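Residue numbers (numbering that gives the first Met the number 0), protein chains in the order written: chain X, 0 to 231; chain P, 0 to 231; chain R, 0 to 231; chain F, 0 to 231. Every residue, glycine too, gets a C-beta built ideally from N, C-alpha and C. Model, not experiment: these values are computed from the prediction. Below is one structure, written out as structure tokens; the observations come after it.
There are 4 protein chains.
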Amino acid sequence: MGIYQHIKQEAYLANMQLPKLNLVLFTFGNVSAADRDRGVFAIKPSGVPYDKLTVEDMVIVDFDGITVEGKLRPSSDTQTHAVLYKHWEDISGIVHTHSTYATAWAQAQSDIPIFGTTHADHLTTDIPCAAPMGDEMISGNYEYETGFQILNHFKDLGLDYREVEMILVGNHAPFTWGKTAEKAVYNSAVLESVAQMALLTRQINPQAPKLKDALIKKHFERKHGPDSYYGQ
Amino acid sequence: MGIYQHIKQEAYLANMQLPKLNLVLFTFGNVSAADRDRGVFAIKPSGVPYDKLTVEDMVIVDFDGITVEGKLRPSSDTQTHAVLYKHWEDISGIVHTHSTYATAWAQAQSDIPIFGTTHADHLTTDIPCAAPMGDEMISGNYEYETGFQILNHFKDLGLDYREVEMILVGNHAPFTWGKTAEKAVYNSAVLESVAQMALLTRQINPQAPKLKDALIKKHFERKHGPDSYYGQ
Amino acid sequence: MGIYQHIKQEAYLANMQLPKLNLVLFTFGNVSAADRDRGVFAIKPSGVPYDKLTVEDMVIVDFDGITVEGKLRPSSDTQTHAVLYKHWEDISGIVHTHSTYATAWAQAQSDIPIFGTTHADHLTTDIPCAAPMGDEMISGNYEYETGFQILNHFKDLGLDYREVEMILVGNHAPFTWGKTAEKAVYNSAVLESVAQMALLTRQINPQAPKLKDALIKKHFERKHGPDSYYGQ
Amino acid sequence: MGIYQHIKQEAYLANMQLPKLNLVLFTFGNVSAADRDRGVFAIKPSGVPYDKLTVEDMVIVDFDGITVEGKLRPSSDTQTHAVLYKHWEDISGIVHTHSTYATAWAQAQSDIPIFGTTHADHLTTDIPCAAPMGDEMISGNYEYETGFQILNHFKDLGLDYREVEMILVGNHAPFTWGKTAEKAVYNSAVLESVAQMALLTRQINPQAPKLKDALIKKHFERKHGPDSYYGQ
Numbered sequence: 000m001g002i003y004q005h006i007k008q009e010a011y012l013a014n015m016q017l018p019k020l021n022l023v024l025f026t027f028g029n030v031s032a033a034d035r036d037r038g039v040f041a042i043k044p045s046g047v048p049y050d051k052l053t054v055e056d057m058v059i060v061d062f063d064g065i066t067v068e069g070k071l072r073p074s075s076d077t078q079t080h081a082v083l084y085k086h087w088e089d090i091s092g093i094v095h096t097h098s099t100y101a102t103a104w105a106q107a108q109s110d111i112p113i114f115g116t117t118h119a120d121h122l123t124t125d126i127p128c129a130a131p132m133g134d135e136m137i138s139g140n141y142e143y144e145t146g147f148q149i150l151n152h153f154k155d156l157g158l159d160y161r162e163v164e165m166i167l168v169g170n171h172a173p174f175t176w177g178k179t180a181e182k183a184v185y186n187s188a189v190l191e192s193v194a195q196m197a198l199l200t201r202q203i204n205p206q207a208p209k210l211k212d213a214l215i216k217k218h219f220e221r222k223h224g225p226d227s228y229y230g231q
Numbered sequence: 000m001g002i003y004q005h006i007k008q009e010a011y012l013a014n015m016q017l018p019k020l021n022l023v024l025f026t027f028g029n030v031s032a033a034d035r036d037r038g039v040f041a042i043k044p045s046g047v048p049y050d051k052l053t054v055e056d057m058v059i060v061d062f063d064g065i066t067v068e069g070k071l072r073p074s075s076d077t078q079t080h081a082v083l084y085k086h087w088e089d090i091s092g093i094v095h096t097h098s099t100y101a102t103a104w105a106q107a108q109s110d111i112p113i114f115g116t117t118h119a120d121h122l123t124t125d126i127p128c129a130a131p132m133g134d135e136m137i138s139g140n141y142e143y144e145t146g147f148q149i150l151n152h153f154k155d156l157g158l159d160y161r162e163v164e165m166i167l168v169g170n171h172a173p174f175t176w177g178k179t180a181e182k183a184v185y186n187s188a189v190l191e192s193v194a195q196m197a198l199l200t201r202q203i204n205p206q207a208p209k210l211k212d213a214l215i216k217k218h219f220e221r222k223h224g225p226d227s228y229y230g231q
Numbered sequence: 000m001g002i003y004q005h006i007k008q009e010a011y012l013a014n015m016q017l018p019k020l021n022l023v024l025f026t027f028g029n030v031s032a033a034d035r036d037r038g039v040f041a042i043k044p045s046g047v048p049y050d051k052l053t054v055e056d057m058v059i060v061d062f063d064g065i066t067v068e069g070k071l072r073p074s075s076d077t078q079t080h081a082v083l084y085k086h087w088e089d090i091s092g093i094v095h096t097h098s099t100y101a102t103a104w105a106q107a108q109s110d111i112p113i114f115g116t117t118h119a120d121h122l123t124t125d126i127p128c129a130a131p132m133g134d135e136m137i138s139g140n141y142e143y144e145t146g147f148q149i150l151n152h153f154k155d156l157g158l159d160y161r162e163v164e165m166i167l168v169g170n171h172a173p174f175t176w177g178k179t180a181e182k183a184v185y186n187s188a189v190l191e192s193v194a195q196m197a198l199l200t201r202q203i204n205p206q207a208p209k210l211k212d213a214l215i216k217k218h219f220e221r222k223h224g225p226d227s228y229y230g231q
Numbered sequence: 000m001g002i003y004q005h006i007k008q009e010a011y012l013a014n015m016q017l018p019k020l021n022l023v024l025f026t027f028g029n030v031s032a033a034d035r036d037r038g039v040f041a042i043k044p045s046g047v048p049y050d051k052l053t054v055e056d057m058v059i060v061d062f063d064g065i066t067v068e069g070k071l072r073p074s075s076d077t078q079t080h081a082v083l084y085k086h087w088e089d090i091s092g093i094v095h096t097h098s099t100y101a102t103a104w105a106q107a108q109s110d111i112p113i114f115g116t117t118h119a120d121h122l123t124t125d126i127p128c129a130a131p132m133g134d135e136m137i138s139g140n141y142e143y144e145t146g147f148q149i150l151n152h153f154k155d156l157g158l159d160y161r162e163v164e165m166i167l168v169g170n171h172a173p174f175t176w177g178k179t180a181e182k183a184v185y186n187s188a189v190l191e192s193v194a195q196m197a198l199l200t201r202q203i204n205p206q207a208p209k210l211k212d213a214l215i216k217k218h219f220e221r222k223h224g225p226d227s228y229y230g231q
């Protein structure tokens, strides 16, 4: 058993959740799990179908995006993961998918408005959508720049990545993260559900108002913060 | 076998129906089953995933919301269940979910219009949507007040909870109930289906008229009332 | 083995297809299979869940709607089936469901326009929607009158029930039929698919034109008529 | 083992993917696999249900549409396959389905706009929709003419069938192709997903802009071309 076996295992199990939760078609998604002490993360290899994936296929990469161990090429989105791990020290799991409803909002270049308590149970703001990058960033080190696009959008909006664990990259698709890979996958599924309900809400009532502050505060604090009383 | 075993079993089985009927994502739902003679109900513990849930995990709570038996913390929505059981003496099962279409109508703060016989087979009015609560109620004993928000909305509309076994809480999500936990789960699935068909009906014909009185009366009486002839 | 065993078996198998094809929630559907020589049909009993249904539960009813054999009460829609069998001599299977998209069109009181070849592979006209009945018909022998509402709508439109094997009953839901119960179930699934695609087509292009005559004729004749060349 | 066994096997396996990927209802789809050296392709027989299909049922047809081997009648769309194989020498797999969202766009007679990177990962242009054919072509050798309708639309738009591996035939449904039958099936699933997300994108933002050139170029080149770095 190698020293990276625990994050290979964690990344593998989290990756295998994506098809079960209907968040991916074919290979259009990837999950990574970080070992903060060793400064590395395990990530899905590029283009390998989920039904052929094994624990040993996971690739170990450091926070500068350099492959440390593994026979396969890591996910093409690896540099984005590396940038986020390097700058956001409290996360140890990242997920990227092209899940249907979240991707539709990203393609529409629109934030997802906070319409209900399902949303507020997880974050207190609209789900942000970063603008597409400038052309030089795209034609340069694209996936690396995608990481900075995310970091900068959070900085511009004054958002804390520990409180808002998801973003849409405009014209592209969602990224989510969390303290573990499992939590990051959970966030991807929540995002997809909230994205679907927000679209339906607008279809029922184009003037649907956002959730009011008292409800946002109450629901978020039920699940998070010092006085939370959700769960065991 | 304890004296609460029958309602623990009933609550467990009813809770396990929610994922099978696609009414919940993760732990976003809960069912309770009441024993009227003993003045208690069994309810899902808070935040426990459905695939880990056991009969013994069910928590026994009285109609004032005080836990009577159980090692785990009951659902965060327990006080809402308690209020409803205390005031509506003919119900012995309650369900809360964030099912996709019903929640979208709740987020849109809109009643679900009675458009067809599927709806009229179960109730003769629009499915009511209660307004979000005032800020003091929210920041106070929120789940307890949610119960009164439901009771008061029924009182304001002059609805009988024995005839209309479902409500949307504005910006939040649906609650349903019934003579048993199984019936309450059935009502949640009916509500979700009716909510989806009502949205589609409006998309096909924004001026779709409501069902006329004669059809409402006929379909409801086929399944309910003294001359019903549906079922065995 | 009784003399009705073959239609009990046929009706049972056809009924069991409804949940597999996602055409019913709970017991909201029923299929019958007729024996023309004996002048009877086998139909699902009322309100029995699909996972409890057995071949022996099927009820034998004649074309006047009188129960001939069976311990259970037949479907509440039995009189509608009887009327259709009595007047349309070339059909031996009937299905009623509340399938989501077809029911939404029925609730919208709208014919389903013929937008594409999937539709034209099965019929050459819009899928007709009969108006809701007059109040006296509803409060009278409702299910019996529903049969005549269907017969009369076909007469009014000059449609041949051998060519158009489906209808929407306004504010209610679809009925389909065919030479066998299996074919009637097939028609219910086709209707649901066509109903969904027609709604989506309008959402993409509110001015979408109907299929032109040459394509309607070609596709229908590929599958039907003297020069058909589809299938074996 | 006959000399066509390898393409019969390939066509069989590819056909069986269609129901697994939710791309067909009943028999509304077909896949073929070509052997370029022998100038033939194996194709699904007409109207045979997927759960009854066997490898030996596959029919061998040459590029002029003449059946070379097989007991069953080939798919009614066989002539379309033959025309495409004859004129597009670099493809060895073709798929035709009536998948829900792609067919809705075809019925709406609308190209699918390139709204995001999921689309650009696979092609750099809108997904083209060919107009319905003239009446004489329809009433003549319809399926043969459908092949030319596709060829001519690509010629008119200056598209390369090696880069754009999918088309919508107006009022009808999609065709996709590729170097193998498996790749053609993959393209059908991608098309369906892109078609659904494009509709949702427009519903969220009717003025959603198309993807900008730099992103189109980048994403396509990540997966294709000399500097691709996706996959193993």
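Per-residue burial, residue i [other beta carbons within 10 Å of its own, 16 or more giving buried]
i	result
F:S192	buried
P:E236	Nothing about residue 236 of chain P can be read from this structure; chain P reaches only from 0 to 231.
F:D50	exposed
R:S227	exposed
F:K43	buried
F:G146	buried
F:I2	exposed
R:P225	exposed
R:E162	exposed
Sequence-distant residues of its chain with Cβ nearer than 7 Å to residue i (five each side left out)
i	result
R:V67	V39, I59, V60 and D61
P:S98	L22, P173, S187 and E191
X:V54	K7, Q8 and Y11
X:F153	Y160
P:P18	Y49
P:H171	A105
Close beta carbons around residue i, own chain, < 6 Å, minus the five adjacent residues each side
i	result
X:I215	A119 and T123
P:A101	P173, L190, E191 and A194
P:S74	N29, I42, K43 and S45
P:D34	I6
Boundaries of the beta strand (DSSP E) in which residue i is found, first to last residue
i	result
R:H95	G92 to T96
X:M132	Neither: X:M132 is in no beta strand (DSSP E) and is coded neither H nor E.
R:T66	T66 to E68
R:D34	G28 to D34
F:D63	No beta strand (DSSP E) holds F:D63; DSSP gives it neither H nor E.
Check whether residue i and residue j have beta carbons under 8 Å apart
i	j	result
X:S45	F:Y229	yes
P:M132	P:Q108	no
R:A13	R:G92	yes
X:V168	X:A105	yes
F:T117	F:M196	yes
F:I111	F:D89	no
X:L20	X:V47	no
R:P127	R:L150	no
Continuous alpha helix (DSSP H) stretch holding residue i: start and end
i	result
F:V189	A180 to I203
F:P173	It is not in any alpha helix (DSSP H) - F:P173 instead sits in the beta strand (DSSP E) that spans P173 to G177.
R:A277	With chain R running from 0 to 231 in the structure shown, residue 277 of chain R is simply not present.
Sequence-distant residues of its chain with Cβ nearer than 8 Å to residue i (five each side left out)
i	result
R:M15	Y49 and L52
Taking contact to mean 3 or more Cβ pairs, one atom from each stretch, closer than 8 Å, check whether the region 174-185 of chain X and the region 72-92 of chain P are in contact.
no
Under 7 Å, CB to CB, which of the residues in the region 206-217 of chain X have a partner in chain A?
The question asks about chain A, but that chain is absent: this structure's protein chains are X, P, R and F.
Any contact between the region 199-215 of chain F and the region 128-139 of chain F? By contact I mean 3 or more CB pairs, one from each, below 8 Å.
no
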